[in-house]
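**Student:** Just so we're aligned, residue 52 is where the sequence shown starts under my numbering, counting upward by one.
Please read through the structure below; I'll follow up with questions.
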Amino acid sequence: PQAKDPYRTGYHFQPRKNWINDPNGPLIYKGIYHLFYQYNPSSVVWGNIVWAHSTSTDLVNWIPHEAAIYPSILSDINGCWSGSVTILPSGKPAILYTGINPDKEQVQNLAFPKNLSDPFLREWVKVPQNPLMAPTQANQINASSFRDPTTAWLGPDKRWRLIIGSKRNHRGLAILYRSKDFMHWTKAKHPLYSTPKNGMWECPDFFPVSKTKLLGLDTSAIGPDVKHVLKVSLDNTRKEYYTIGTYNVSKDIYIPDDGSIESDSGLRYDYGKFYASKTFFDSAKNRRILWGWINESSSVSGDIKKGWSGLQAIPRTIVLDKSRKQLVQWPVVELEKLRTNEVKLPSTLLKGGSLHEVIGVTAAQADVDVAFEISDLKKAEVMDPSWTNAQLLCSKKGTSVKGALGPFGLLAFVSKDLKEKTAIFYRIFKSHNNNNKYVVLMCSDQSRSSLNPDNDMTTYGTFVNVDPLHEKLSLRSLIDHSIVESFGGKGKECITARVYPTLAVDGDTHLYAFNYGSESVKIAGSAWSMKTAKIN
Ligand code: DQQ
Numbered sequence: 052p053q054a055k056d057p058y059r060t061g062y063h064f065q066p067r068k069n070w071i072n073d074p075n076g077p078l079i080y081k082g083i084y085h086l087f088y089q090y091n092p093s094s095v096v097w098g099n100i101v102w103a104h105s106t107s108t109d110l111v112n113w114i115p116h117e118a119a120i121y122p123s124i125l126s127d128i129n130g131c132w133s134g135s136v137t138i139l140p141s142g143k144p145a146i147l148y149t150g151i152n153p154d155k156e157q158v159q160n161l162a163f164p165k166n167l168s169d170p171f172l173r174e175w176v177k178v179p180q181n182p183l184m185a186p187t188q189a190n191q192i193n194a195s196s197f198r199d200p201t202t203a204w205l206g207p208d209k210r211w212r213l214i215i216g217s218k219r220n221h222r223g224l225a226i227l228y229r230s231k232d233f234m235h236w237t238k239a240k241h242p243l244y245s246t247p248k249n250g251m252w253e254c255p256d257f258f259p260v261s262k263t264k265l266l267g268l269d270t271s272a273i274g275p276d277v278k279h280v281l282k283v284s285l286d287n288t289r290k291e292y293y294t295i296g297t298y299n300v301s302k303d304i305y306i307p308d309d310g311s312i313e314s315d316s317g318l319r320y321d322y323g324k325f326y327a328s329k330t331f332f333d334s335a336k337n338r339r340i341l342w343g344w345i346n347e348s349s350s351v352s353g354d355i356k357k358g359w360s361g362l363q364a365i366p367r368t369i370v371l372d373k374s375r376k377q378l379v380q381w382p383v384v385e386l387e388k389l390r391t392n393e394v395k396l397p398s399t400l401l402k403g404g405s406l407h408e409v410i411g412v413t414a415a416q417a418d419v420d421v422a423f424e425i426s427d428l429k430k431a432e433v434m435d436p437s438w439t440n441a442q443l444l445c446s447k448k449g450t451s452v453k454g455a456l457g458p459f460g461l462l463a464f465v466s467k468d469l470k471e472k473t474a475i476f477y478r479i480f481k482s483h484n485n486n487n488k489y490v491v492l493m494c495s496d497q498s499r500s501s502l503n504p505d506n507d508m509t510t511y512g513t514f515v516n517v518d519p520l521h522e523k524l525s526l527r528s529l530i531d532h533s534i535v536e537s538f539g540g541k542g543k544e545c546i547t548a549r550v551y552p553t554l555a556v557d558g559d560t561h562l563y564a565f566n567y568g569s570e571s572v573k574i575a576g577s578a579w580s581m582k583t584a585k586i587n
């Protein structure tokens with residue numbers, strides 16, 4: 052083994068080396084979870100893309116297999132790009148993925164397992180009819196923007212549907228296809244949904260959520276208890292947006308409730324690094340699970356030095372919030388198996404300007420779950436109505452800018468002298484026109500995370516829809532060597548950041564709770580050291 056790499060993760064999914072990007076075709080089959088992902092077998096930068104493959108019985112520990120899908124036919128000879136799995140009514144899984152053909156056109160291919168009695172689904176056979184969907188003169192599809200088929204869903208008319216990400220000029224498109232037999236696919240006249248200006252829509256995801264139960268639904272579920280979610284990934288900004296709306300089954304169109312996917316006024320799964328995500332329905336536990344790719348924030352030369360690039364986020368269960376206006380995400384419960392040596396933080400008053408070290412956890416590999424209670428909100432600063440962009444507000448009012456209620460939160464990856472630190476914190480503002488309304492800002496400030504200037508240390512932020520008058524402000528952070536994944540407001544908002552400290556490494560890493568506001572806040576919760584998962 053090589054000298055220890057301080058940035059390799061202890062419990063976040065990554066292969067042993069090289070480049071990874073999008074999660075592909077997640078599924079459960081005969082009790083085994085499968086994760087495929089975009090992988091370059093020969094380098095630390097993007098290229099030569101195949102579907103690498105790992106399996107798990109608990110979504111925490113993973114064993115690697117040979118690549119499942121790799122260039123081998125004309126219609127994928129230049130790369131096997133992203134796609135999804137559909138479980139057919141017989142129980143047989145089907146992979147639909149984008150292949151790059153000899154003319155560098157994007158086409159859609161189908162593959163089935165070679166041996167259905169192998170629970171590891173190690174070998175896949177591409178059907179001779181490939182490609183099943185392709186751009187032509189007649190269908191007017193843009194051949195360089197036609198990719199990432201979703202999991203298909205079965206309509207009441209017994210026909211399959213799926214969408215494929217595309218664009219026409221600047222218009223983002225979710226192109227709809229239908230099929231009776233999963234083999235012959237016909238493009239619908241109209242897309243499932245489209246909006247002007249923000250194409251190309253990569254990795255679309257379209258799935259039902261329950262209005263009343265905290266459970267996931269099969270992708271084909273429809274009915275009065277169901278709303279739908281459409282997520283798209285925008286290649287120009289590397290941001291994802293989702294809307295919640297209604298799927299009109301007879302017209303085969305999706306109508307978002309309100310909000311927009313075109314700008315930062317829309318909803319995001321994650322306000323930090325998180326891209327090309329995909330959900331699947333876990334029929335064993337009746338939940339819907341979200342996977343997302345976490346890119347590096349280091350330089351390419353840094354990646355070459357490490358020998359790897361890219362992680363997957365901890366899989367998250369997602370449900371509809373009771374407001375029915377947003378989703379709520381939470382790390383899968385199985386992750387808690389890795390928790391050890393709990394350090395309890397009994398209810399403690401954090402006076403204005405105070406720091407409180409959390410002693411006794413392996414601070415470079417930890418799970419921290421705390422809640423802040425504010426007894427007196429009267430002194431909250433007034434929100435300027437022009438502060439509409441949370442990320443900008445977080446950069447303007449960073450960790451060192453003292454306020455009244457906040458900044459308070461956690462300092463992760465702290466070096467002994469506090470020269471390096473990553474701050475995840477809240478600020479509370481009073482609404483400018485209503486004395487009893489508050490605005491909660493959640494930030495992840497990486498600006499002091501490393502003394503190495505080669506890293507992208509952008510600050511991230513989002514508003515959190517919680518009412519600090521009546522609820523505690525919870526904050527959970529999954530800290531893992533070069534990543535901190537934070538869940539605010541019990542999973543209402545998430546921010547994932549990558550950091551590369553030079554001093555706050557392994558055993559030299561500290562963890563603090565802090566309050567740099569003038570007003571006191573109460574903190575309580577727990578921190579755990581995290582065991583190392585067996586990953587690949
Ligand atoms: N990554 C894949 C594409 C997809 C993009 C190629 C998103 O299929 O659109 O590696 O990151």
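Cβ coordinates follow ideal geometry from the N, Cα and C atoms, glycine included.
In this text, all values refer to a predicted model and were calculated from it rather than measured experimentally.
What separation, rounded to the nearest whole angstrom, lies between the Cα atoms of valine 95 and asparagine 486?
**Tutor:** Computed Cα separation, rounded: 53 Å.
**Student:** In the structure shown, what three-state DSSP assignment does glycine 150 receive?
**Tutor:** Strand.
**Student:** What residue range is occupied by the uninterrupted beta strand (DSSP E) comprising leucine 5?
**Tutor:** Here the chain covers residues 52 to 587 and nothing more, so residue 5 does not appear.
**Student:** With C-beta atoms as the reference, is glutamine 132 less than 7 Å away from arginine 219?
**Tutor:** It is tryptophan, not glutamine, that sits at residue 132 in the sequence shown. No, the pair does not count as a contact, with Cβ atoms beyond the cut-off.
**Student:** Within the present structure, is the beta-carbon of aspartate 73 separated from the nearest heavy atom of the ligand DQQ by less than 6 Å?
**Tutor:** Under cutoff, so the answer is yes.
**Student:** Which of the three DSSP states is assigned to glutamine 380 in this structure?
**Tutor:** Of the three classes helix, strand and coil, the one that applies to glutamine 380 here is strand, per DSSP.
**Student:** In or out: lysine 676 buried (at least 16 other Cβ within 10 Å) or exposed?
**Tutor:** Not covered by the structure: residue 676. The range shown for the chain is 52 to 587.
**Student:** At a threshold of 6 Å, does aspartate 199 count as lining the ligand DQQ (C-beta to nearest heavy atom)?
**Tutor:** Answer for aspartate 199: yes, Cβ within range of the ligand DQQ.
**Student:** Compare the Cα-Cα distances from alanine 14 to each of Pro397, Ala414, Leu443 and Lys453 and report the closest residue.
**Tutor:** Here the chain comprises residues numbered 52 to 587, so residue 14 is not present and cannot be evaluated.
**Student:** Let me check understanding here. Comparing Cα to Cα, which of Val421, Asp56, Val370 and Leu456 lies closest to arginine 527?
**Tutor:** The option with the nearest alpha carbon to arginine 527 is Val421.
**Student:** Taking 6 Å as the cut-off, is the CB of tryptophan 132 close to at least one heavy atom of the ligand SAH?
**Tutor:** Looking at this structure, you won't find the ligand SAH anywhere; what it does contain is the ligand DQQ.
**Student:** List the DSSP bridge partners of serine 131.
**Tutor:** Before going on, a small fix: residue 131 reads as cysteine here, not serine. DSSP, once it has assigned bridges, lists Gly150 as partnering cysteine 131.
**Student:** Measure the beta-carbon distance from tyrosine 293 to glycine 512 and round it to whole angstroms, keeping in mind my assumption that it falls under 8 Å.
**Tutor:** The pair is not a contact, with the Cβ atoms about 18 Å apart (cut-off 8 Å).
**Student:** Need the endpoints of the beta strand (DSSP E) that alanine 162 sits in, please.
**Tutor:** Looking at the DSSP string, the run of the beta strand (DSSP E) that includes alanine 162 is 157 to 164.
**Student:** Beta-carbon separation of leucine 462 and asparagine 566 under 7 Å?
**Tutor:** In this structure, asparagine 566 does not lie closer than 7 Å to leucine 462 by Cβ.
**Student:** Compute the Euclidean distance between the alpha carbons of valine 136 and glycine 449, then round it to the nearest angstrom.
**Tutor:** Taking the straight line from one Cα to the other gives about 42 Å.
**Student:** With distances taken from CA atoms, which of Arg367, Lys356, Asp354 and Phe332 is nearest glycine 343?
**Tutor:** Answer by Cα proximity: Arg367.
**Student:** Below 7 Å between beta carbons: does that hold for valine 300 and isoleucine 273?
**Tutor:** For valine 300 and isoleucine 273, yes; Cβs fall inside 7 Å.
**Student:** State the Cα-Cα distance for the pair lysine 248 and phenylalanine 464, rounded to the nearest angstrom.
**Tutor:** Rounded to whole angstroms, lysine 248 to phenylalanine 464 spans 40 Å at the Cα level.
**Student:** Does the beta carbon of alanine 327 fall short of 6 Å from some heavy atom of the ligand DQQ?
**Tutor:** For the ligand DQQ, at least one heavy atom lies less than 6 Å from the Cβ of alanine 327.
**Student:** For the alpha helix (DSSP H) containing isoleucine 100, list its first residue and its last residue.
**Tutor:** Careful: isoleucine 100 lies outside any alpha helix (DSSP H) and carries neither H nor E.
**Student:** Quick check on asparagine 152: buried or exposed, where buried means 16 or more other Cβ atoms within 10 Å of its Cβ?
**Tutor:** Under this definition asparagine 152 is a buried residue.
**Student:** Taking all protein chains shown into account, decide if aspartate 169 is buried (16 or more other Cβ within 10 angstroms of its Cβ) or exposed.
**Tutor:** With fewer than 16 other Cβ atoms within 10 Å, it is exposed.
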